Structure formats: C-alpha cells, structure tokens
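Only one structure is covered here, and it is reproduced in the block below.
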Amino acid sequence: MKYNLELIKNKRKIIGFSTVLILLSLLGILYSTFNTSYKKPINLGMDFVGGNELRIERVCEEECSSPPPETVLEKLREISKNKNVLNNIKLQFQNNNKLISIRTPYLSIEESNNLINNLDNIVGPLNYESKDSRLIGPKLGKRLLTNCVTSLLVSLFAISLYITIRFDKKYALFALLALFHDLVIVFGIFSWLGIILSVEVNSLFAVSLLTIAGYSVNDTVVIFDRIRENLKSKKEGYNETIQLSVNESFRRTTFTSITTLFPLLSIILFGSYSLFWFSLALSLGILVGSYSSILLAPSFLLKD
Amino acid sequence: MKKRQGWLFFIIFLLTLSVYLLINYPLQLGLDLQGGSQLTLQIIKEEGKVTKDELEAVNSVIDKRVNNLGVSESNLQTLGGDQLILELPGEQNPLVASRVLGKTALLEFRTQIEGTTSDLKNLQLQRLIIKELIEKYSSAEKSQYDDNFLKVIQDDLNEIVQELNYSSTSNDLYGKLIEIKKYVDKEITNLFIKTDLSGKDLINAGRRQEQTNSNWEVLLTFSNSGGEKFSEITKSIAGTPQLLAIILDGESISEASVGNQFANTGITGGSATISGNFSAEKARELEVQLKGGSLPLPIEIVETNTIGALLGSKNILKSLYAAISGLIFVGIFMIFNYRILGFVSVLSLVLYGFFNLALYSLIPVTLTLPGISGLILSIGMAVDANILIFERIREELYDGNTLTRSIDSGFQRANSSIVDGHITTLLSCFVLFLLGTNFVKGFAATLGIGVLISLFTSLNCSKTILRFFTTYQSLRQKNLYLPRNNFSN
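Chains A and B, in that order, are what the protein sequence lines are.
Our numbering numbers the first residue of the first sequence as -18 and each following residue consecutively.
Our numbering numbers the first residue of the second sequence as 70 and each following residue consecutively.
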C-alpha cells in the first residue's frame, strides 16, 4: 500500500484550514473571556474556583420518582440554614433519576453533612456507599490553578529547549508551531464546550494538555527525522523529498494515533465518569496532533 | 544467538518475578478505588514561608492526634512544603476527624483582672443567651421555620446587640449569631490575663463522666514544673473573687473560683479538671487535641474528598473493563495489520502490563483513577514503538533484504525516533510529578513508569521474541511479515 498525499499542491489549503481552526478557537476564547458569566478564557471547574460537588445515588424500589429539581431546591432552601450557599446551588438528576448531582459554593464538612441529611429527607433514602463528595476551599483552588499554569509553562519550555538542542532552529520552530497549534485548538474546543454546554475544566484538563504536548511533539519529531534522513540521501528535489517522507511515515503516524485512541475510547465508553472529559480532551488532542504532524508541520518546510 | 537466548531466559525470569511480586505484595489502591476520606490541610502562616521544622512539628502533632482518634488505618503525608494530606481509608464521614484536626488547640490558663466581676457576669449571661439562640436556631424543625420564628430570634439578637454596643457585619441571621458569639468570647477572654502555664505543661489528658449528671469532664495531668506553676497560680487567687479561666483557642471553656482553703499552698497534686458541660463526643475531641499538643501554626482544611466503598469497587470494575477492552482493541488491530509481528507486539504488551503492575507493587505506587488512565494511555504509547520498528522492518523487506537482516536494521533504525519521542513524554511527566497535586502525580507516575518500561519491552522483549520465533523454519517465511493484499500482487 503506497500513500500519495499531495502535500505540495495542497499547501495553501492546509495552512488555510489550520488558520480557520485557530481563529475559531481564539474566537471561542475571546467570547468566553468577555461574554460569559464567568469572564474567563475557559470555564474553570471546581478544582480551580473551589466549591462543593456531591454525587450520590438514591435507593429506589423500581423506578425512581422524578421530582422537579426546582421543588427539591425550594425544599432545601426551606430547611437549610445557610441561605448564602443555597442561592447558588445547582442540582441535577441523572441516570433515570437515580443519581443526584449537586454543586454549591464551598461548604464546611458540617454544612455538607447537613445538606446530605436534608436531601435524604426530601428525596431519600440515599445510598451512602455510593457517595462521591468533594469540598475544595477557594484558597486551594487558586493555588491549583497557579500550579497547573506553571506546570504547563515549565514543561512547554522544557520541550522547546529539548527540540531546539536536538534539531536545527528551523525544524524546532516549526515543530513548536505545530505544538501550539494543537494546544490552542484543544483549548478553544473546550472554551466552546464551556460556552455551549457549560462543560468545566479541572486539573485533569491541564494534565491532558501536557500529555498532548508531549505526544504531538513526538509525532512531529518522527516525521522530521524521516525528512532529515531522506534529505541527506537526496534523490529528488527538496519539496518532493519532504512529500515522500510524509507519505512514508503516514502509516506509522496514523496507526500510532489509532492504537492510542483505542484505549482512550475504552475509557470514554467503560471508564469512570470522572475520566470522561479527560479522555475526550486527550482524544481530540491526538486527532489534532496527528493532523498537524502529518500535514501542517511538513507544509511549513515546503519552499514556494 | 547465544546472547539472545540469554535474554529470553532473563525475560522469563522477570515475568515469573513479576507474577510472584503481584501475588505476594498486592497493589495499593487509592481512596477513589477503595472508598474513604482524604483531607488536605493547609498550614497558615501570615508572613514568610513555612520552614521545614515548622512543617515537621505540625506533622507530628497531627500524627499524634490521628493516632489518638483511634482510626484503624491512616496515611499522613506532607505536600509541597506547607500542606499535609491525610487519608482515612474506609472513613465515610470525616466530620469528627476534621473537627479534631482543624483546631490549633492552644490551651491557656488565665487569671481574672481585679475588679471585673460584674463585667464578667454580664458577658457570661449574654454568652448563655446567644448559645441558646444558636441552639434553638439549629435544632428547629422545618415546620417551625417560619417568619414568626425568625422574628423572635432576630428580636432577641437585637437586644444582645444593644447591650453589647456591637454591630455585626454579617448579613445573614445565622452568620450574625456566630459572629456575635465570637465577639462575646473575645470580650470574656480579654478580662483575663495570661499566666506562664499553658498546654505545653501537660503530660496527659483524659476524660470521665461526671458523677452527678451525664455530662463529661476532661482531666489534665501536669508535668512537675506545670504542677508547681498551677499551684502558684491558684494560690494567688484563692479566696478572692477573681476566677481562673481555661482558654482553648481564644475561647474560654471554663471559669472557676479557687476556694479559700487553697490560700496557703494552692491546688497541689499536679492535675486539674475541666467540667464545662461537655458531651461525650466533645470531651473525646478535647482529650485527643490536648494529648497531641497544640499546633505551632494554625491549619485550615482546604479540601475534603469522600468516596463511598461501593463507588470505589465500581470504579475498579470500570477501569478493568476499560483497560482490558483497550488491550483487546489494540491487539486485534495489531495482529490484523502486522500478522506475526502484531502477535509479537501483543506478547510484549502482555509482558509490559505485568512489568508495570509488578513495579507498582515494588516501589510502591498507589493506584488511583488518574493513575489507571495513565497506564491505559501508556499502552498506546508502548505500541507506538513497535509500530515504528515494524514499519522499518517491512521497508527493509520490500527492499529485498533477508528476514534476519531486516529485523536487525529495523530495530536499529527506529531507535533514535523512539528515544526522542519517549523523552518528550518523560519531560511532561517529570514536570507533572514535580508540580502536580496528589491526583495529578498518580497519572504522571504511571505514565512515566510506563514510558520507561515500554522502552525495554518494545526494544528488547519484542526483539527477543521475534528472534525466538525466527528460529523455527515454518515462521521464517517472508509473507508472514508482510500485509496480505500487498503480497498477492
């Protein structure tokens, strides 16, 4: 099987397509920063702003009744003491009304226990063995955010440094361009997800960005390695050699992405809910990363 | 050939060792997989950084308190220089632990300033009223919780506020009650002056039920010098209207007079009792706090995670499904595309899985959900190296090289790309591990270990297995190594 991607012919289309993607991402980031209630480039989740998240299952004989969340909230307000908290409560029933999921501002453990007791009175009995409760103070949230941003910057710097030492300047620059392209697009997609579906990002999102960074550079490095190798034994013209190298490594890069996507798909399908958005972010990153490694980064190298 | 056989035995030996390790040293599961509570404690320091000594001191006090709590298992770690992480496996309600641990437990003994008797009496009365109001408000049934009820409390509160000449800043009723109680406590404490006796002079604490009613009291045992100080202090106020206050974290928990009979010697015997209408629970909490000593710096509980046991076991099951189905998908894909070579990569993947898990139990790495996702993700990366090599081998075969030669140079030529790719991922893992939270560290650790092991399995194990296969004549046909459709034309 020989592949024949017409890289030289399609250079403009590829760069144009990426530019559109980047612009759309930046649009999402800007829209999110100025036009949403949270006024941040991305919808920051509990990890970063603090708060209380509770998921607990109800014990139902057959089917769980479906009380409208509003009524439950109304009752919760009636019996709870801290009014401030209850004005900012988000409540959802999932999984055929079996699962209750609640988000509130930060509560003390005592207040959180009260909330659960009240909930038990209203829509109980609850299965305490299925409880998943997280309380994060606002102070810790801020710190986590700083930590995540620092990790991202430090490791991007480390990767850039490594690539610059390892390759000539030109290659390094283009590999990094492709890397930032991938990160901006994944970030942008989650900005949009935040705007449209109020999807929040937590510390695992930062982890996924970091992993994508490592992965995307890896893919680009393999193709650039191949290009360098072929350029040394130059049989054809410069542009043709690049196109040939890309086609030679096409199988490897797509196959690798597929074998990495399979496990991620398994986590999305079968894994715990807390890993859902994480796996999705990684999958998107790997898709965008393969595209930029195969098509975008080598296009940069082509001469007009 | 001899050398390769040596490798084969070495790999078999490693596999046996891994299985042995896994049977004898089961994997440590994180709280998200076995259920339990995790508290993150933040040390609060107004100025400057928390020093190593201070961190150690806080750590040891917390450790003592946790031990005295009598929980069956616990794990206390420091994090990032000014945080502690306490894990309580199996604990479903960390309320008691949080109350006991969160307090500084600074115990002071103070004597009353002369001539403040009437001031104190007044404040004590206000304190009583406000305590009752809080009690009434908290224990109210929802049916009673109407405007009228709120108005009664509000009116009572207003009276106290007028009496105290203090305006609260909180705008919610409950917040106001708490704020005013704090103010009264502070005012009471201010009527007493410090002595040189403190919690540091204790050598033990205990509790017992009072004989006359069902309340509990807490017993304090002083060291020798503490006992002397205590008798000095009690001697100085014996028979006067001045009271002795025992103050915990700025709140007076007991004010008592010292009888005239102690005027000569003070209270001797080196022990004291605090009887402040404690419930059994409160008495136990105080006992644990006093036994552990006071914290050199205050702490705050900034994060609490609680996960039910059932949810934990569900998470294990889900992760297992995800890991196994991921492996199967990858396996089918590889065998379909690379035939014999694919089978080799599946074998080395299985080895990879065993080596990884064995290393987790050896180091040990506590397995958490993010950790498992790191492991599952690294499966894909481990296969990546194999794909690189196999593609190279095929190219060599297309070029008309012999099988053995193709295999050799395939491994050799893919080497540098593989190492490069792994290094960038390792860099990310390293940074994540250094800067990440506990949660993130789990992922970084398993992914990092995975990347390292995959260097060994994909370079060495695959090669050895492949070499072993090619010793059989029937497995040496070139077409077993090339794609089916390609060979037919």
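The beta carbon of each residue, even a glycine, is placed where N, CA and C say it ideally should be.
It should be emphasised that the depicted structure is a prediction, and the values quoted were computed from it without experimental measurement.
Any chain A beta carbon closer than 8 Å to B:F512: yes
Buried versus exposed call for B:L526 [16 or more other C-beta atoms within 10 Å across all chains shown]: For the sequence presented, residue 526 of chain B should be read as Thr rather than Leu. Buried.
Chain-ordered neighbours of B:Y390 on chain A, where CB pairs are closer than 9 Å: S247, L250, F251 and G252
Sequence-distant residues of the same chain with beta carbon closer than 8 Å to B:G440, five excluded per side: G99, V434, G511, F512, A514 and T515
Sequence ranges, alpha helix (DSSP H) only - wholly within the region 406 to 486 of chain B, length at least 4: 409 to 431 and 438 to 467
Chain D residues whose Cβ lies nearer than 9 Å to that of A:E91: Checking the listed chains, one finds no chain D in this structure; the protein chains it contains are A and B.
7 Å CB neighbourhood of B:F556 in its chain, flanking five on each side removed: At B:F556, the pLDDT of 44 sits below 50, so the modelled position is not reliable and the matter cannot be decided from this model.
Within the region 97 to 181 of chain A, ranges of the beta strand (DSSP E) (whole runs, at least 3 residues): 107 to 117
Contact belief for A:I248 with B:I445 at Cβ below 8 Å, rounded distance in angstroms: 6 Å
Outcome for B:G104 when other beta-carbon atoms lying within 10 angstroms are tallied against a minimum of 16: buried
Min CB distance B:L504 to chain A below 8 Å: yes
For B:Q546, three-class secondary structure by DSSP: coil
For B:Y252 and B:G328, the rounded distance between their alpha carbons: 30 Å
Residue closest to B:P158, alpha-carbon to alpha-carbon, out of B:L176, B:D101, B:D188 and B:L364: B:D101
Cα-Cα separation, A:K216 to B:M450: 33 Å
Coil, strand or helix - A:Q73 by DSSP: strand
Cβ shell of B:E232 (< 6 Å), same chain only, five flanking positions each side left out: none
Integer Cβ distance of A:G122 from A:V30, believed to fall under 8 Å: 5 Å
Continuous beta strand (DSSP E) stretch holding B:A314: start and end: L312 to L317
Straight-line Cα distance separating B:S294 from B:L155: 35 Å
Top-ranked residue by Cα proximity to B:E256, from B:T264, B:L266, B:D241 and B:Y235: B:Y235
Contact with chain A by B:V96, beta-carbon distance below 8 Å: What sits at residue 96 of chain B in the sequence shown is Leu, not Val. Output row for B:L96: interface = no.
8 Å CB neighbourhood of A:L7 in its chain, flanking five on each side removed: V165 and G169
Three or more C-beta pairs below 8 Å linking the region 455 to 467 of chain B and the region 398 to 416 of chain B: yes
Residue-chain proximity (B:V419, chain A), Cβ-Cβ < 8 Å: no
The region 421 to 447 of chain B: positions lying closer than 7 Å to chain A by Cβ: L438, P439, S442, I445 and L446
The region 487 to 504 of chain B: positions lying closer than 7 Å to chain A by Cβ: D489, G490, I492, T493, T494, L496, S497, V500, L501 and L504
Paired residues, beta bridge with A:E34 - DSSP: A:R84 and A:R115
Per-residue burial, A:G218 [other beta carbons within 10 Å of its own, 16 or more giving buried]: exposed
Contact set for B:N558: own chain, Cβ-Cβ below 8 Å, skip 5 residues either direction: Bear in mind that the predicted position of B:N558 carries a pLDDT of just 35, short of 50, making it unreliable; the figure below should be weighed with that in mind. So no residue of the chain qualifies.
8 Å Cβ cutoff, B:T186 in contact with chain A: no
Alpha carbon of B:T258 to alpha carbon of B:S239, nearest angstrom: 22 Å
Any C-beta of chain A under 8 Å from that of B:S531: no
Inter-residue spacing [alpha-carbon to alpha-carbon] between B:L77 and B:I534: 7 Å
Residue-chain proximity (A:E110, chain B), Cβ-Cβ < 8 Å: yes
Secondary structure of B:A332, DSSP reduced to three states: coil
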